[in-house]
Amino acid sequence: MAEEITTTDEWRALAAHAEKLRDAHLRDLFAADPDRGERLAGELADLHVDYSKNLVTDETLTLLAALARRARLTDRIAAMFAGEHINTTEDRAVLHTALRAPAGAALTVDGRDVVADVHAVLDRMAAFADRVRSGEWVGHTGERIRTVVNIGIGGSDLGPVMAYEALKAYRDAGITCRFVSNIDPTDIAEATADLDPASTLFVVVSKTFSTQETLANARQARDWLLAGLGGDASAVARHFVAVSTNEQRVRDFGIDPANMFGFWDWVGGRYSLPSAVGLSVMLAVGPARFRELLAGYHAVDEHFRTTPVERNVPALLGLLNVWYTNFLGAQTHAVLPYSQYLHRFPAYLQQLTMESNGKSVTLDGTRVSYDTGEIFWGEPGTNGQHAFYQLIHQGTRLVPADFIGFSRPRHDLGDMHDLFMSNFFAQTAALAFGRTREQVEAEGTPAELAEHKVMPGNHPTTSIVAAELTPAVLGQLIALYEHIVFTEGAIWDINPFDQWGVELGKVMANQLAPLLTGGDADLSGLDSSTRALIARYRAQRHA
Ligand code: F6P
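Residue numbers (numbering that gives the first Met the number 0): 0 to 542.
In structure tokens, the structure reads:
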């Protein structure tokens, strides 16, 4: 059995240090160290990452780096990049980093040149995207494609929709994308309601091509298309392409493998945006922009692979998250993009972080005795300020928060962007430094209100800023969080690359489905709550 991380001297040293730091306040840490804001910051490709407003001292960072060494973080990083089967429960390599390696980079895994495979698919995607974007690829009736509907769920949806929204300003071929994920029939019905089948292309994305939601939506889409185009089944070939690892299932569904873009079992769903899963994004912004996105990812991959832990930005941020989770008792982590384009980024990160690190056994199957997996959540600023920031400022919980912002807006309208970003800077400062009782009283606040207006401060934030939200910067941001997740997983000694926990619900839904559709099927084998709920549902459904 592997050594449990909590039994190490490095862990104990951090626990003791946390006790010592209990009364420290960011006000004092900044007052005692005039350069703190510039010193506790790092450059990560085009990102400037300021972690000075975290509840740490230099000693904390030294102790966290020691913990990383004890957990063999560097060796684990090397093993991932080398294509070792670090996804032990599925016996797979974990090589999303190969998806963004430049052409010609050498990486042979299980006997295959994976970088050559990656670029062969990228080139096919680019050729297809160029044909669709130029109008050379037309639909069944000869009309050019105007709308792409991406059908997928989880990693086959959240990455594409997040990136499409983030890069909307880069759309340049008159192609609009929509995203259908939910098996709630409302989703596909609303998404197709005002579309013309003659100019619509469906991209069915599923790693396994066996996901209930995606197949049900794809079948529905096919029926809708054929109904709209006169029922000629040959129309499917002009209006459906697939992205999957499973060619046989794509064929069984009725999509020609010539219209399929593949990827590999060593790409986890939540890490798959830079694979063919990003096809809808490429169709919207073009192959060149998509390659810039990949180059952005790669720059951060290289930093993570080669930089010593003390200066390794994703590693440091991952270690800070461990610090808050395991030593300061935080349960959640807010991510607050000050960019409307990033409005789906928190949702995307929820799958990336929580499906990865929501685990409670170590790699060798031992139950952990410590917390893992932070609960990620968030909304774009400034909207969140008028909703939940109150709790972060004056509530009782510790909520570390990442603020993400940009100096140059895509739409420079009057002074709006400056007003927008003044909120970013004001919030991070207010959270850190608060407002003391003395300050509140000096403003003339009546004594009975004073305590209500005190802002305790000492709320940790990390500021991640870049000049502009470009495709490359988006790639950098995503890779940053991927490697934060990896670092946490390494310290917690868990497998961030499987997701057995979501299986049980899927199996049970398949078992229960016939009880819902088959009107009078016997419910007696069910627990009393589920039985009563289904009986009520059936009565109302068929009333
Ligand atoms: O339900 C979890 C999950 O397996 C995710 O990990 C994955 O991204 C999603 O379902 C969709 O899977 P697929 O791409 O195989 O349809």
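Think of the CB as a built atom: it goes at the ideal place given N, C-alpha and C, for glycine as much as any other residue. Computed from a predicted model, the values in this text were never measured in an experiment.
- As a beta-bridge residue in DSSP terms, Ser-462 pairs with Asp-49 and Phe-402.
- Remark: the C-beta of Ile-152 is in contact range of the ligand F6P, defined as less than 8 Å to any heavy atom.
- Beta bridge pairing from DSSP links Trp-376 with Ala-333.
- For Leu-522, there is no enclosing alpha helix (DSSP H), as DSSP marks it with neither H nor E.
- For Thr-306, the Cβ stays outside the 8 Å cut-off from all heavy atoms of the ligand F6P.
- Contact annotation: Leu-292 and Val-280 have beta-carbon atoms nearer than 9 Å.
- Leaving aside the five residues that flank Thr-324 on each side, the residues in its chain whose CB is nearer than 7 Å to its CB run, in chain order, Asp-370 and Glu-373.
- The beta carbons of Gly-285 and Ala-128 sit about 7 Å from each other, so the pair counts as a contact at 8 Å.
- For Thr-305, the enclosing alpha helix (DSSP H) starts and ends at 286-305.
- DSSP, reduced to helix, strand and coil, places Asn-86 within a strand of the structure shown.
- The alpha carbon of Ala-190 has as its nearest neighbour, out of Phe-178, Ala-346 and Pro-196, the alpha carbon of Phe-178.
- Annotation for Ile-150: the continuous beta strand (DSSP E) segment containing it runs 146-150.
- Note that the C-beta distance between Asn-216 and Ser-180 is below 9 Å.
- Under the three-state reduction of DSSP output, Val-93 falls in the coil class, being neither helix nor strand.
- Within the same chain, no Cβ atom closer than 6 Å to the Cβ of Asp-222 is found once the five residues on either side in sequence are excluded.
- Relative to the non-hydrogen atoms of the ligand F6P, the Cβ of Arg-343 never comes closer than 8 Å to any of them.
- Restricting attention to His-392, Arg-69, Ile-76 and Leu-316, the CA atom closest to the CA of Ala-429 is found in His-392.
- With respect to the C-alpha of Gln-384, the residue from Val-117, Ser-368, Phe-402 and Arg-396 having the closest C-alpha is Phe-402.
- Look at Leu-316 here: in three-state DSSP terms it is helix.
- Taking the Cα of Asp-74 as reference, the smallest distance to any Cα among Ala-102, Phe-303 and Leu-39 is reached at Phe-303.
- For Ala-65, the uninterrupted alpha helix (DSSP H) segment begins and ends at 57-69.
- About 14 Å separates the beta carbons of Phe-419 and Glu-467, which is beyond the 8 Å limit, so they are not a contact pair.
- In the DSSP assignment, Thr-352 falls outside any alpha helix (DSSP H) and carries neither an H nor an E.
- When secondary structure is reduced to three states using DSSP, Glu-442 falls in the coil class, being assigned neither helix nor strand.
- By the CB criterion at 9 Å, Gly-158 and Tyr-347 fall inside the cutoff.
- Spatial neighbours of Ala-465 in its own chain (CB-CB distance under 6 Å, excluding positions within 5 residues in sequence) are listed in chain order as Asp-45, Leu-46, Phe-405 and Val-472.
- A Cβ-Cβ separation of about 22 Å leaves Gly-154 out of contact with Arg-250 under the 8 Å criterion.
- Cβ-Cβ distances below 7 Å link Ala-234 to His-139, Leu-224, Leu-225 and Leu-228 in the same chain, with the five nearest sequence neighbours on each side left out; the list follows chain order.
- Under the DSSP assignment, Glu-42 falls in the beta strand (DSSP E) whose first and last residues are 40-43.
- Under the 10 Å beta carbon count, Met-507 is surrounded by fewer than 16 other beta carbons and is classified as exposed.
- Within the chosen limit of 8 Å, the ligand F6P does not reach the beta carbon of Gln-349 with any heavy atom.
- Boundaries of the alpha helix (DSSP H) harbouring Met-420: 415-432, taken from the DSSP string.
- Non-local beta-carbon contacts of Ile-85 in its own chain, meaning distances under 6 Å to residues more than five positions away in sequence, involve Ala-78, Met-79 and Val-93 in chain order.
- A distance below 9 Å separates the beta carbons of Arg-396 and Thr-331.
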